[in-house]
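These notes concern the structure reproduced below.
Residue numbers (the working numbering), protein chains in the order written: chain G, 1 to 287; chain P, 288 to 707.
Rendered as structure tokens:
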């Protein structure tokens, strides 16, 4: 394998880890309460703008903007839960879809109004320049995003499987009434899920902002990738999102390099359809 | 009963007479539909173009004393050919999609009854919108869309003020020949282009002409503009290592290419961009310092103080809150002014009369905001006097470097890129 090909694969893995990072919030919400958050991409976008605001008006670097975005988007998640999701969950599936889709448009055009349509960009020296390791070039900001992405995925996985809070959340997702009889407050757990998902999504946005241009419509493209990642990995599976994200990243990079950039979506979506054909529950989802 | 009816009739006719008299004294505004991508991927360029059109209307409606000395149309008080009718802009958002664009064109024509349409930056969208205008026999002026085939469709109501891909390809070929004669290494050329109408059309025009001129186009690399990663493309370039790369890109992808080339540490001898994303103020602000020596084209160069270009530039800065005129906004203003000039000469909002006036357009170069030699359409509606300058990124700012007659600085090659 030539060095360039190794570089392509590494680039794909880094990209994939980032995909996993901004998909974990989406899959968590689905796993917890069977709600598809169509505003997910716009949560990521607002995470990016939080980083812009922290950087440009408050002078903080990524060490300030990442935690700040986590808090801001977690708050946004909880607010969305109490004022919108909690109510539309009682309605039919279509109400949920239109409800969160409406939220998406509200956030997108709100951002357009508040920040303007111009692309914004963070200075690219925030986390150091690219470095060379064994003949392969690494972009500092993407490596940081990938490492944090793996960390966040792992942390979410641990919280869900190894802690009492996680067990309570899972109990609510399996049977809210039964959980309530056991003394667990379903709404509190669901709000907590939105907070955790929001925090993960905010972190993703603040990190992606380090290397992607920021605009009110940035969430649109990212949302599609997130949906594909989540359904390929298995709705509700945090580790599935990680595996699927890495897979999509590598396949995209290899196709773009070997076949041509305009073919990468075709190949990825063909793969996606094939996987769902044989495993409708996704790679790691429960049947 | 009879009396009541007669009174009502009298009152009614008095009302009608009143409204007629009112209509004659204060002209109805001339409605012009302005469709741009105000949201979506090209929103930044679209909003700047919209501001440019608004500024043009403002100059005609309210005038500017300094500009009036140079341009008769800037005297203020509306269109003199229509008894001082003001221009009313009805702007619409095509969201950067051909379908939404066509819907907006239909709405503006059938419901708002606009006299003419202006738009829409992205060629693929201008295509669908102008098809709607054609169907309803409403003039459509395209100030920025450059894809070659827009004027090859045999439309009767389509007029384009901007120079087009073929003109740019010719400018690039002459420019590169001069650089080759001056000793720059130009043995292979790569064209990297976004794969909608704009990129595909421009790339084809360049590849075509370059083939005839004896250049070696070694690589053509199409891509979709909205992806989050361009590393595979840059790695392909790095491996083939062409001496000249021409990028045909929108803003987000332009920023990504500039960043990724730096991250992967690769530079060609000459890095060229076909305007668009690389001229977006957002690109210049974010990446200007990292692409020293980048060559692009522009129809706008801020002229000497007191010139039309300089005055309009200052007015635009005031309107936009800081951004000066660039290639996109200068062409947008120019297109709108050319349409206003035609409506003024038509002396009417009748689409047929406006079309006749557009066909008869002959604006001289000393009335231009953009760096054209004038506006005069051929039988296909294409401006034959459009021309382009080659500009170069120097210290985070574009300066005109070619042709020599319009240059304010000498060209410096090879491409320098980022400082270590």
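Using N, Cα and C, we set each Cβ at its ideal position, and we do this for glycine too.
N- and C-terminal bounds of the beta strand (DSSP E) containing residue 544 of chain P: Note, residue 544 of chain P: premise wrong, no beta strand (DSSP E); alpha helix (DSSP H) at 538-550.
Rounded straight-line distance, which links the Cα of residue 464 of chain P to that of residue 364 of chain P: 49 Å
Test item: CB-CB of residue 203 of chain G and residue 66 of chain G under 8 Å: yes
Unbroken alpha helix (DSSP H) run spanning residue 49 of chain G, endpoints: 40-58
Span of the beta strand (DSSP E), counted from its first residue to its last, around residue 681 of chain P: 676-681
Beta-carbon proximity of residue 195 of chain G to residue 78 of chain G, cut-off 8 Å: yes
Touch test, the stretch 82-96 of chain G against the stretch 238-248 of chain G, Cβ-Cβ under 8 Å, three pairs minimum: no
Chain-order list of residues whose beta-carbon lies under 6 Å from that of residue 139 of chain G (same chain, five-residue window excluded): 130
Rounded straight-line distance, which links the Cα of residue 521 of chain P to that of residue 555 of chain P: 11 Å
Exposed unless 16 or more other CB atoms sit within 10 angstroms - verdict on residue 598 of chain P: buried
Neighbourhood of residue 101 of chain G by C-beta, 6 Å cutoff - its chain only, sequence neighbours within 5 removed: 38
Distance, residue 75 of chain G Cα to residue 695 of chain P Cα: 53 Å
Residues near residue 435 of chain P in its chain [Cβ-Cβ closer than 7 Å; skip 5 each side]: 451, 452, 453, 488, 492
DSSP-derived helix/strand/coil call for residue 480 of chain P: strand
Option in P:534, P:588, P:545, P:460 with minimal Cα separation from residue 562 of chain P: P:534
Rounded Cβ spacing between residue 532 of chain P and residue 559 of chain P (contact assumed at less than 8 Å): 7 Å
Outcome for residue 552 of chain P when other beta-carbon atoms lying within 10 angstroms are tallied against a minimum of 16: exposed
Assigned secondary structure, residue 416 of chain P (DSSP; H/G/I helix, E/B strand, else coil): helix
Contact residues within the stretch 502-535 of chain P, judged by C-beta distance below 9 Å to chain G: 508, 509, 510, 511, 513, 514, 515, 516, 517, 518, 519, 520, 522, 523, 525, 526
Neighbour-count burial assignment, residue 188 of chain G, 16 or more Cβ in a 10 Å radius: exposed
Assigned exposure category for residue 413 of chain P - 16 Cβ within 10 Å defines buried: buried
Those residues which DSSP pairs with residue 377 of chain P across a bridge: P:320
Simplified DSSP assignment, three categories, for residue 530 of chain P: coil
Member of G:49, G:70, G:83 whose CA lies at the smallest distance from the CA of residue 115 of chain G: G:49
is_contact[residue 143 of chain G, chain P] using C-beta, thresh 8 Å: no
Helix, strand or coil at residue 164 of chain G according to DSSP, with G and I counted as helix: helix
Proximity below 8 Å, CB of residue 366 of chain P to CB of residue 317 of chain P: yes
Buried or exposed by the 16-neighbour rule on C-beta atoms within 10 Å, applied to residue 469 of chain P: exposed
As assigned by DSSP and simplified to three states, the class of residue 341 of chain P: helix
Three-state class that DSSP yields for residue 564 of chain P in the structure shown: helix
Counted within 10 angstroms of its Cβ, other Cβ atoms place residue 95 of chain G as buried (16 or more) or exposed: exposed
Contact set for residue 33 of chain G: own chain, Cβ-Cβ below 6 Å, skip 5 residues either direction: 190
Test: residue 135 of chain G CB closer than 8 Å to a CB of chain P: no
Residue 251 of chain G, enclosing alpha helix (DSSP H) - first and last residue: 238-258
Among P:477, P:358, P:607, P:475, nearest to residue 338 of chain P - alpha-carbon criterion: P:607
Alpha helix (DSSP H) segment containing residue 385 of chain P, residue limits: 385-397
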